[in-house]
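The sequence shown runs 1448 to 2066 under this note's numbering.
Quick reminder that beta carbons are idealized off the backbone N, C-alpha and C, glycines included.
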Amino acid sequence: MPYRKINFLLSFFLLLLWASCSQYHDKSLKFAFLTDLHVVPGGESSWQLIEIVEEINASQLQFVIIAGDISNHGSDEELNHVNSILGQLQVPWYILPGNHETNWSESAGRTFAEIWGDDKFLFRKDNVLFAGLNTGPFMRMGDGHVKQEDIRWLSRQLKANIKPETRLLFFAHYPLAEGLDQWYKITDILNEYEPVVAFCGHGHRQQLLNFDGIPGIMGRSMVLRGENIPGYNVIELRNDSIFVFEKLTGENIQSPNIAFDIRDPAIINNLPITPRPDYSINDQYPFVETVFQFQDTASVFTGPLIWADSLVVFGNSEGILQALNIRTKETEWSLQLEGPLFANPVTSKNIIITGDTDGFLYGIEPESGEIIWKHDADAPIVSPALLDGDYFYVGTGNKSFMKFEIKSGNPVWSFNEVSGLIQARAAIHENYLVFTAWDTHVYCLDKNTGRLIWKWNNGHPAALLSPGNVVPVIRNNKVFIVAPDRYMTALDLETGKEIWRSNKHQVRESMGVSNDGDLIFAKLMNDSIIAVCAKAAELKTIWIKDAGFGYDHNPCPIVSTDEALFAATRNGLVMALEPATGKLLWEHKTGNTAINFMIPVNEKLWLTTTDGKILALSI
């Protein structure tokens, strides 16, 4: 049947459905659904949002739901600015963050919660229950992720609030499909209740989707690519029929683009469904065994710390630092700290050092978990500390980079010329201390005094192209970095001048170095891992291995032993390659969420995953 005829018949059907329901108003809800605003203070987007708010205030819409990406960088300035505009709404409104609020947040997510009270919602209008969740990702590039504790919250709330006559509308920024790592855990919960409809943003255009048998509605962004007239989505629920309209500011609303009966959404039957994770790769390498596994009740974003071959220490998204007995898997001690934990715990001088997003640094006795010292840095700590003799170095939010005494926790000096979040661990060689930040710069300081020796940037003003989550590698008087601008760069350690810079390979944020220091490794964004010569005066690629892992942007650093290098993906795959040749030795899928960090210790590869698993693989 010709496309135009199909389109005409579909439009005719939608008009008939809309008209047939128009005579019934006793169970009608009509609200605005906003998503992907991407507001920049002082930009045209601010005025476009103001125009939408004024139009909603002049309408008969009952409330507003906003499903994330309200800002561009998630900065405190942007969030407060958006709140000042949305605060002019004269109807109730409910808001969720998107990846632009959670990925690069200078406050590690604190500001969103401080302004709006929570990053999820649950409310009822008549017989309709509205539930919304934060889908991340959290403080690093990756697929969307719903925290373990939020999955449990959703299950509890629906069980307590769903009645036989209840209609359930679910909201998130990410679609419940590929791109959200545990989408199937959410759809499994939602599929316990009927009827249900799931709304999302992220894709910037209105679209009907199939979320594991649940009708999914993607909302349009405030401004579509190539257009300049702002718009939003209007959702109407009449009896058991749902209608999705596109509303351009200053123009009359037209017939619905999407309409169906939520009790019998046959309209999605022929739409594709994301397949569930496939673990068959593990059958090809049965000799790779999981020799330790622990499942936390919250999500985990730190790496593991192995202490004295007896304890594994990690932090979780609820702010709990925990030490497990490796032999028994029992908890030896746990500490409830002030905020969620992203910084890897490290140890020296019989002290564990970590920091939280409420801005505190801690020195902790490893065997008892007793806090020895505590320092208020007044900025979220998300970067791991770098240990060097009697001292450690760490970035404190987007304000400063500091040196501390390990034993006392007393500060030695503070470098305060930073204007972006410091996220990655620094690197050190002799007196040169090198770190990166989300302000487009690489910094080199004198480790003894904190004096700036040099700073470098890529010449691009876009902060999101910074090497902000990259651990620099220092070898042969060179500083090696990769970055989201897809360039690999070698800088002179003493001067900061470029030795070479290349986008020949599509790098991003994952790199490492061989044990002998001769090779620099990088994971590319599609399938491949490379090794380049650390000694050459120009880019010299030693090998390229197509490992077949597909598209990937997980920043997990590459780690190595004499026998193997280990790289990890956004969906739980670990790969072991021969350092000298790139020969693939084995692969193992640990789950479907991102691997945070890996540490090879005593023929075991220890790692954590964002869904709260602490694992050790035999290597």
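Close beta carbons around residue 1956, own chain, < 6 Å, minus the five adjacent residues each side: Position 509 of the sequence shown, counting from 1, holds the residue named residue 1956. The answer, listed in chain order, is 1916, 1917 and 2002.
Three-way DSSP call (helix, strand, coil) for residue 1952 in this model: The residue you call residue 1952 lines up with position 505 of the sequence shown. Three-state DSSP puts residue 1952 in coil, outside helix and strand.
Counting only runs that start and end within the segment 1516 to 1591, where is the beta strand (DSSP E) found for 3 or more residues in a row? Runs of the beta strand (DSSP E) lying entirely within the segment 1516 to 1591 and spanning at least 3 residues, in chain order: 1540 to 1543, 1568 to 1572 and 1575 to 1579.
Suppose only complete runs of 4+ residues qualify. What are the alpha helix (DSSP H) ranges in the segment 1811 to 1850, listed by chain order? As far as the segment 1811 to 1850 is concerned, it has no whole alpha helix (DSSP H) run of at least 4 residues.
DSSP-derived helix/strand/coil call for residue 2014: Counting from one through the sequence shown, the residue named residue 2014 turns up at place 567. In the structure shown, residue 2014 sits in a strand (DSSP, three-state: E or B).
Can you give the Cα-Cα distance for residue 1836 and residue 1820, rounded to whole angstroms? By one-based count along the sequence shown, residue 1836 stands at place 389. By one-based count along the sequence shown, residue 1820 stands at place 373. Near 18 Å, if we compare the C-alpha coordinates of residue 1820 and residue 1836.
Going by DSSP in three states, residue 1514 sits in which element: helix, strand or coil? Locating residue 1514 in the sequence shown gives position 67, counting from the first residue. Residue 1514: strand per DSSP, three-state reduction.
Could you tell me the alpha carbon to alpha carbon distance between residue 1490 and residue 1595, rounded to whole angstroms? Numbered from its first residue, the sequence shown carries residue 1490 at position 43. Numbered from its first residue, the sequence shown carries residue 1595 at position 148. Residue 1490 and residue 1595: Cα-Cα distance of roughly 37 Å.
I need the DSSP call for residue 1999, collapsed to helix, strand or coil. If you number the sequence shown from 1, residue 1999 lands on position 552. Correct three-state label for residue 1999: coil.
Beta-carbon spacing of residue 1623, residue 1613 below 8 Å: Residue mapping note: residue 1623 aligns to position 176 of the sequence shown, counting from 1. Residue mapping note: residue 1613 aligns to position 166 of the sequence shown, counting from 1. The Cβ-Cβ distance between residue 1623 and residue 1613 does not fall below 8 Å.
To the nearest angstrom, how far is the alpha carbon of residue 1520 from that of residue 1844? Locating residue 1520 in the sequence shown gives position 73, counting from the first residue. Locating residue 1844 in the sequence shown gives position 397, counting from the first residue. Computed Cα separation, rounded: 15 Å.
Alpha-carbon to alpha-carbon, residue 1692 and residue 1526: Taking the first residue of the sequence shown as position 1, residue 1526 is located at position 79. Taking the first residue of the sequence shown as position 1, residue 1692 is located at position 245. Those two C-alpha atoms are separated by around 27 Å.
Please name the residue, chosen from 1609, 1475, 1620 and 2059, that lies closest to residue 1640 on a Cα-to-Cα basis. Counting from 1 along the sequence shown, the entry for residue 1640 is found at position 193. Nearest option by C-alpha distance: 1609.
Alpha-carbon to alpha-carbon, residue 1896 and residue 1697: Along the sequence shown, read from residue 1 onward, the residue named residue 1697 stands at position 250. Along the sequence shown, read from residue 1 onward, the residue named residue 1896 stands at position 449. Each residue's Cα considered, the two are about 60 Å apart.
Residues in its own chain within less than 7 Å of residue 1468 by CB, not counting five upstream and five downstream? The residue given as residue 1468 occupies position 21 in the sequence shown. With a pLDDT of only 45 at residue 1468, under the threshold of 50, the placement of this residue in the model should not be trusted, and no figure is reported.
Between the segment 1720 to 1733 and the segment 1752 to 1767, are three or more C-beta pairs nearer than 8 Å? Not touching, per the Cβ criterion.
Per DSSP, residue 1621 forms a beta bridge with which residues? Counting from 1 along the sequence shown, the entry for residue 1621 is found at position 174. The secondary-structure analysis by DSSP pairs residue 1621 with nothing; it has no beta-bridge partner.
Validate contact between the segment 2013 to 2023 and the segment 2036 to 2043 using beta carbons, cut 8 Å, 3 pairs: Result yes; three or more Cβ-Cβ pairs closer than 8 Å.
What are the boundary residues of the alpha helix (DSSP H) that includes residue 1885? The residue labelled residue 1885 in the question sits at position 438 within the sequence shown. Boundaries for residue 1885: no alpha helix (DSSP H) harbours it, and the DSSP string shows neither H nor E there.
Got a sec, what are the start and stop residues for the beta strand (DSSP E) residue 2055 sits in? Reading the sequence shown from its first residue, position 608 is the one you call residue 2055. Here the beta strand (DSSP E) through residue 2055 covers 2051 to 2056.
What residue range is occupied by the uninterrupted alpha helix (DSSP H) comprising residue 1640? Working through the sequence shown from its first residue, we reach residue 1640 at position 193. Counting along the chain, residue 1640 falls outside any alpha helix (DSSP H), and DSSP gives it neither H nor E.
Could you check whether residue 1832 and residue 1800 sit closer than 8 Å to each other, using their CB atoms as the reference points? For the purposes of this step, residue 1800 is taken as the residue at position 353 of the sequence shown. For the purposes of this step, residue 1832 is taken as the residue at position 385 of the sequence shown. With contacts defined by Cβ atoms closer than 8 Å, residue 1800 and residue 1832 form a contacting pair.
Residue 1781 - containing beta strand (DSSP E), residue span: Mapped onto the sequence shown, residue 1781 falls at position 334. Per DSSP, residue 1781 is one residue of the beta strand (DSSP E) stretching across 1778 to 1783.
Less than 8 Å between the beta carbons of residue 1541 and residue 1499, yes or no? Your numbering for residue 1541 matches position 94 in the sequence shown. Your numbering for residue 1499 matches position 52 in the sequence shown. No, the Cβ-Cβ distance between residue 1541 and residue 1499 is not below 8 Å.
Let me check understanding here. Comparing Cα to Cα, which of 1571, 1569 and 1545 lies closest to residue 1559? For the purposes of this step, residue 1559 is taken as the residue at position 112 of the sequence shown. Per the Cα distances, 1545.
Does residue 1532 come within less than 8 Å of chain B when only Cβ atoms are used? Of the protein chains in this structure there is only one, and it is not chain B.
Could you compute how far the alpha carbon of residue 1903 sits from the alpha carbon of residue 1834? Here residue 1903 refers to the residue found at position 456 when the sequence shown is read from its first residue. Here residue 1834 refers to the residue found at position 387 when the sequence shown is read from its first residue. Residue 1903 and residue 1834: Cα-Cα distance of roughly 24 Å.
N- and C-terminal bounds of the beta strand (DSSP E) containing residue 1974: By one-based count along the sequence shown, residue 1974 stands at place 527. Where residue 1974 is concerned, the enclosing beta strand (DSSP E) stretches over 1973 to 1980.
Cut-off 6 Å between Cβ atoms - residues of its own chain near residue 1588, not counting five sequence neighbours on either side: The sequence position of residue 1588 within the sequence shown is 141, counting from 1. Hits under 6 Å: 2000 and 2002.
For residue 1439 versus residue 1657, is the C-beta distance shorter than 8 Å? No answer is possible for residue 1439: the residues shown for the chain start at 1448 and end at 2066.
To test your reading of the DSSP string, which unbroken alpha helix (DSSP H) runs of 4 or more residues are found completely within the segment 1714 to 1792? Those alpha helix (DSSP H) runs which fall completely within the segment 1714 to 1792 and span 4+ residues are 1728 to 1731.
Using the Cβ count rule (16 or more neighbours within 10 Å means buried), how would you classify residue 1494? Sequence index remark: in the sequence shown, residue 1494 carries index 47 (1-based). Exposed, by the Cβ-count rule.
Tell me which same chain residues have a C-beta within less than 8 Å of the C-beta of residue 1796, skipping the five on either side of it? Locating residue 1796 in the sequence shown gives position 349, where the first residue counts as 1. 1837, 1853 and 1854.
If you count every other CB in all the chains shown that lies within 10 Å of the CB of residue 1846, and 16 or more means buried, which is it? The residue you call residue 1846 lines up with position 399 of the sequence shown. So residue 1846 counts as buried.
Are at least three pairs of beta-carbons, each pair with one atom in the segment 1559 to 1573 and one in the segment 2016 to 2035, less than 8 Å apart? Too few Cβ pairs lie closer than 8 Å, so no.
Taking all protein chains shown into account, do 16 or more other C-beta atoms lie within 10 angstroms of the C-beta of residue 1922, making it buried, or fewer, making it exposed? Position 475 of the sequence shown, counted from the first residue, corresponds to residue 1922. Burial state of residue 1922 is buried, judged by a 10 Å Cβ sphere holding 16 or more other Cβ atoms.
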